[in-house]
Structure formats: structure tokens, C-alpha cells
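Before any comments, here is the structure.
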Amino acid sequence: MSGIEARLAELEARLRRLEDEREIAALIASYGPLVDDGADAEVASLWLDDGVYEVDAYLMDGAAAVAEMVRSAPHQGLIAGGCAHFQGPVHVQVDGDSAVAVGYSLLIAHRATESGSPRFAVARATANHWALQRGSGTWRVQRRTSRLIDGQAAAHELVAGPLKA
277 MSGIEARLAE
287 LEARLRRLED
297 EREIAALIAS
307 YGPLVDDGAD
317 AEVASLWLDD
327 GVYEVDAYLM
337 DGAAAVAEMV
347 RSAPHQGLIA
357 GGCAHFQGPV
367 HVQVDGDSAV
377 AVGYSLLIAH
387 RATESGSPRF
397 AVARATANHW
407 ALQRGSGTWR
417 VQRRTSRLID
427 GQAAAHELVA
437 GPLKA
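Note that the sequence shown covers residues 277 to 441 in the working numbering.
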């Protein structure tokens with residue numbers, strides 16, 4: 277391989293990595309608006325069919341279970357009351373057709389006040405570890421693990437561990 281070919285191959289690899297990181301960040305960012313819209317099929321399509329979503333002790337096994345969570349009465353109640361699932365920036369590490377993304381998210385909920393003026397409060401702050409797989413040229417969630425940030429070490433280990441590796 278000539279010097280120019282090697283440089284071109286290196287540039288192509290760097291571009292592919294940046295494209296992968298951007299696609300993964302966009303996938304994760306899309307979760308909030310979709311779940312707040314109640315778009316169950318679209319939210320489920322972010323996961324592999326056999327993907328897992330684990331929120332503390334609550335386990336959704338498979339994309340169909342993720343869709344069911346979106347349709348559930350508790351989640352529909354959040355939507356009806358006004359909420360925003362905000363996914364903060366994620367740190368993405370790509371390794372071929374596998375990737376890990378870590379970061380934080382907030383659930384912001386509308387709360388009625390006695391005066392009737394709108395008030396929003398953080399209802400939940402969560403550490404997130406996303407394991408993703410690329411298949412047929414598209415990234416999907418293999419497993420999302422979320423832990424409430426409540427002072428326990430598990431939440432911080434979830435996000436800091438991959439950053440230390």
C-alpha cells in the first residue's frame with residue numbers, strides 16, 4: 277500500500293468512526309422526543325428485536341416490551357401531564373460493529389401549582405449505559421441499563437467505568 281493509499285484508508289476509517297459516533301448520538305437523542313410523543317413503534321425500533329432495557333429493577337426484554345412500556349398507563353400519565361425525557365450528551369466508543377455510549381438523562385415533569393402557573397421539576401436523574409450493535413448498516417440498542425442517581429455507587433460505575441477503560 278502506498279503512502280497515499282495508507283493515508284486515504286486512515287482518513288476513511290476516521291470518517292467512518294465519526295459517522296458512527298454521530299449516528300449513535302442521534303439515535304440516543306431521538307429517544308426523548310419519541311417516548312414523550314408516545315410513539316411506541318418508533319421507540320421500539322431503536323432496539324434490536326431481542327434488545328433489553330433495564331431501568332433499576334424493571335426489565336424490558338425485547339423491543340416489544342419497550343413498546344408496551346410506552347403504551348403503559350404510567351407512561352401515558354406522564355405524557356398527559358407534560359414531560360420531557362432529556363438525554364444529555366453521550367460519550368461514544370465504537371469498536372467495529374459494536375459500540376458503547378454512556379451519559380446522563382433527566383426526566384422533567386410538569387407540576388401544577390396552586391396559582392396555576394406552570395412549573396417544571398426534575399423527576400428523575402439517571403446514569404445510562406448503552407450497548408449498541410450495527411446490523412444491515414444501522415445502529416440499534418442491544419441493551420440500555422439505567423440507574424437512578426441517588427448516591428449509590430452503581431450509577432457512577434455505570435458511566436465512569438467505560439471512560440476509564
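Beta carbons are placed, not taken as given, at the ideal position from N, Cα and C, and that holds for glycine.
Name, in chain order, the residues that DSSP records as bridge partners for residue i.
i, result
"R293", "None, per the DSSP bridge assignment."
"T389", "Partner(s): none; T389 has no beta bridge."
"I384", "A360 and V398"
Find the nearest neighbour of residue i within the set the options, judged by alpha-carbon distance.
i, options, result
"G427", "P438, T402, T421 and R419", "T402"
"W323", "R416, L424 and L284", "R416"
"H367", "Q409, L291 and G379", "G379"
"G314", "M277, G279, H361 and D337", "H361"
Quick check: what's the CA-CA separation for residue i versus residue j?
i, j, result
"H432", "W406", "14 angstroms"
"A282", "E288", "10 angstroms"
"L382", "V435", "15 angstroms"
"C359", "A385", "4 angstroms"
"D325", "R400", "27 angstroms"
"R420", "Y334", "12 angstroms"
"G443", "A375", "In the structure as shown, the chain starts at 277 and stops at 441, and residue 443 therefore has no counterpart that could be examined."
"I304", "T414", "13 angstroms"
With H, G and I counted as helix, E and B as strand and the rest as coil, what does DSSP make of residue i?
i, result
"S321", "coil"
"I280", "helix"
"G437", "helix"
"S374", "strand"
"S422", "strand"
Of all the beta strand (DSSP E) runs that stay within the bounds of the region 308-369, which reach a length of 3 or more residues? 323-331 and 334-337
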